[in-house]
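Residue numbers (the working numbering), protein chains in the order written: chain A, 590 to 869; chain B, 590 to 869. Beta carbons: idealized from backbone N, C-alpha and C, even for Gly. Working notes, structure below.
Number of protein chains: 2
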Amino acid sequence: MIVTIVGIGLIGGSMAINLKENGFADTIIGVDKNQEHIDKAYRRCLIDEDALLEEAVAKSDLIILATPMDVIVQLLPGVLDLVSTQVVMEVGSTKVAVMEAVKNHPNRGNFVATHPMAGTEFSGPEAAVPNLFNNKCTVLCEIENSNEKPVELVQKLYASLRMQIVYLDAIEHDVHTAYVSHISHISSFALALTVLEKERDEKRIFELASGGFSSTVRLAKSSPEMWIPIFKQNRDNVLDVLDEHINTLSKFRSLLIKKDFDEFYKLIEKSNQIRKILNR
Amino acid sequence: MIVTIVGIGLIGGSMAINLKENGFADTIIGVDKNQEHIDKAYRRCLIDEDALLEEAVAKSDLIILATPMDVIVQLLPGVLDLVSTQVVMEVGSTKVAVMEAVKNHPNRGNFVATHPMAGTEFSGPEAAVPNLFNNKCTVLCEIENSNEKPVELVQKLYASLRMQIVYLDAIEHDVHTAYVSHISHISSFALALTVLEKERDEKRIFELASGGFSSTVRLAKSSPEMWIPIFKQNRDNVLDVLDEHINTLSKFRSLLIKKDFDEFYKLIEKSNQIRKILNR
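Written as structure tokens, this is what we have:
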């Protein structure tokens, strides 16, 4: 099978490595408007050839859109214009805007919306790694609007990556990812800024930063190119969860002010229940 | 050398493993008011014998207090009452309250206040691990108030654990740890609560939780027994940093409301500078 990957970054590049390695793809064609990414992708043997989008679509059986979210939404209708039997999938982090972009497209059935819940705080072809997807979950969204064969192909692809498939509609997806992914990023960005602000006076404090600190701010390394389009498209959900998060922090603040450490203790105990989820 | 460790938990137990393994200690005496901890410590071969506090102090060359912070402050003056040539050190997470507790003690010179910046989200003797301290930083506080020999012994101990020593006064220490440790814990506790609250309606969302989420909420597994005394003793600094953190999150909130994604982009870029610290 010939697979085109549009956007050879962390996700696209990692798909390239793994789909070639596990035999799902015979040939990987890379499409990326950034020539440096194409050069790096060749150097790391992520792609077999590169092409412009139109040519790549014509040659391929499957086209995977793995660019930042705004570019996915912008490219998708044009890519669907070009296909006949080809299957098109995207791997972005929001879904409502994607569904809106294709809802009346005559080739809607060739398209499958997906979201592999895997990633790191790094980006670009240099961030591509083997086994990024192993044993993680992926979302398939509103497959009732896709044709049967494209859905089967995408299921086969994710099975080859050893991912477990969860089926959601676009609205559910966007709410859930706001909770389990997007808010974590905002929390890390904010924590990094809070501490960096302090660092201006006190260079030494980072000598003391331990594993716990690194863990909570790790995601603050994530690129704005990727995240701004996500926050734009999922703004209302993110705002809602951010409000709740600020309220929870304000509750802690209020308990500190009142020195109500009994209630504080209970809240920590309650938050400890996250164990049962993280150790799942 | 005979070393008594009071509080055989994550830190005390890990010290026991490593000080015995590297030859610094010939005998480890465990003191813990929780008999279950003592039993576990024997089963895991963390200690050679156990004793009541008074007896253990009489037999030892070095006494390490590794209980929760409130118990350290409460026990410390009584332990200093018992010593003649013995050295006493503590390994807790705040310092101002400790210094206050011993400032006029006739045996103040025998005491060294320290804070090894190492840990995990787990607690109890079962959490003790080898090499917890390797290549991390430890703080020694206000050594000018300790006698020379006790300071040298404690320096030798931390060298044996391959820790780098940073010297701070108690006030500095408590401000810095509020920034690089305590706020990370509050942020994780709050994030866990925010998401757990949502889970009541929607069991499925955790299927989607990926590595990023786990990383930012990992510390929410931490025990309230350990953390409430820290927040009590470092309340004013924690409140100050928490205010700043809520302000930063509110700035993100305001930018989302105004759809000012250009400014949002700049803030993410700024927070990306945390790379230079985390990759140190």
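Under DSSP, the beta strand (DSSP E) around B/GLN753 begins and ends at which residues?
753 to 757
So what's B/PHE700 in DSSP terms, helix, strand or just coil?
strand
Please name the residue, chosen from B/CYS730, B/LYS810, B/ARG697, that lies closest to B/ALA716 on a Cα-to-Cα basis.
B/LYS810
Using the Cα positions of A/LYS787 and B/ALA690, report the straight-line distance between them to the nearest angstrom.
29 Å
Among the residues of its own chain, which have a CB less than 8 Å from the CB of A/SER770, if the five just before and after it don't count?
SER682, MET706
Just verifying my parser: in three-state terms, what is the DSSP assignment at A/ASP637?
coil
Selection from B/VAL595, B/MET658, B/THR709 that minimises the alpha carbon distance to B/ASN623
B/VAL595
Of the listed residues B/ILE754, B/ASN734, B/PHE820, B/ALA779, nearest to B/THR766 (C-alpha basis)
B/PHE820
Counting along the chain, where does the beta strand (DSSP E) carrying A/THR727 start and finish?
726 to 730
Whose Cβ in chain A lies nearer than 9 Å to the Cβ of B/ASN861?
PHE778, ALA781, ALA809, LYS810, SER811, SER812, PRO813
Within-8 Å CB hit, B/GLY596 to chain A
no
Taking Cβ-Cβ distances shorter than 8 Å, what residues in chain A pair up with B/GLU741?
Result: empty, since nearest Cβ-Cβ is about 22 Å, beyond 8 Å.
Three-state class that DSSP yields for B/THR593 in the structure shown:
strand
Whole-angstrom C-beta distance between B/LEU750 and B/CYS730, which should lie under 8 Å
Not confirmed; about 17 Å, so no contact.
Kindly indicate if chain A contains any beta-carbon less than 8 Å away from that of B/VAL662.
no
Considering only the beta carbon of each residue, do A/LEU828 and B/ILE846 sit closer than 8 Å?
yes
Any C-beta of chain A under 8 Å from that of B/CYS726
yes
Output the distance between the C-alpha atoms of A/ALA655 and A/THR837, rounded to the nearest integer angstrom.
35 Å
Under 8 Å between C-beta atoms of B/SER839 and A/ILE835:
yes
Would you mind sorting B/GLY708 into buried or exposed? The rule is 16 or more other CB atoms within 10 Å of its CB.
buried
Measure the CB-CB distance between B/ALA779 and A/PHE802 and report whether it falls below 8 Å.
no
Decide yes or no for the touch test of the stretch 739 to 748 of chain B against the stretch 692 to 705 of chain B: beta carbon pairs closer than 8 Å, at least 3 of them.
yes
The ligand GDP and B/SER799: does the residue's C-beta get closer than 7 Å to at least one heavy atom of that ligand?
Questions concerning the ligand GDP fall outside what the structure shown contains, since it holds no ligand whatsoever.
Of all the CB atoms in chain B, is at least one closer than 8 Å to the CB of A/PHE802?
yes
Can the beta-carbon of A/VAL662 be found less than 8 Å from the beta-carbon of A/ASP763?
no
DSSP beta-bridge partners for B/THR616?
B/ILE591
Cβ closer than 8 Å: which chain A residues qualify as neighbours of B/THR775?
Here the sequence assigns Ile to residue 775 of chain B, which means Thr is not the residue at that position. Chain A residues near B/ILE775: LEU838, PHE841.
To the nearest whole angstrom, what separates the beta carbons of B/LEU808 and A/THR783, a pair I think is in contact under 8 Å?
With 8 Å as the limit, B/LEU808 and A/THR783 do not qualify as a contact, their Cβ atoms being about 16 Å apart.
Mind pulling the chain A residues with CB within less than 8 Å of B/ARG926?
For chain B, the structure presents residues 590 to 869; residue 926 of chain B sits outside this window and is missing.
Check A/LEU654 in the structure and name its three-state DSSP category.
strand
Alpha carbon to alpha carbon, how far is B/PRO657 from B/PRO818? Give it in angstroms, no decimals.
7 Å
C-beta atoms of A/LEU664 and A/VAL687 nearer than 8 Å
no
Pairwise C-alpha distance: B/PRO739 and B/ARG697:
11 Å
Residues near A/GLU710 by beta carbon distance below 7 Å, same chain, minus five either side
ARG807, LEU808, LYS810, SER811
Work out the CA separation of A/ILE652 and A/SER735 for me, nearest whole Å.
15 Å
Show which residues of chain B have a CB atom less than 7 Å away from the CB atom of A/THR805.
SER773, SER776, SER777, THR805, LEU808
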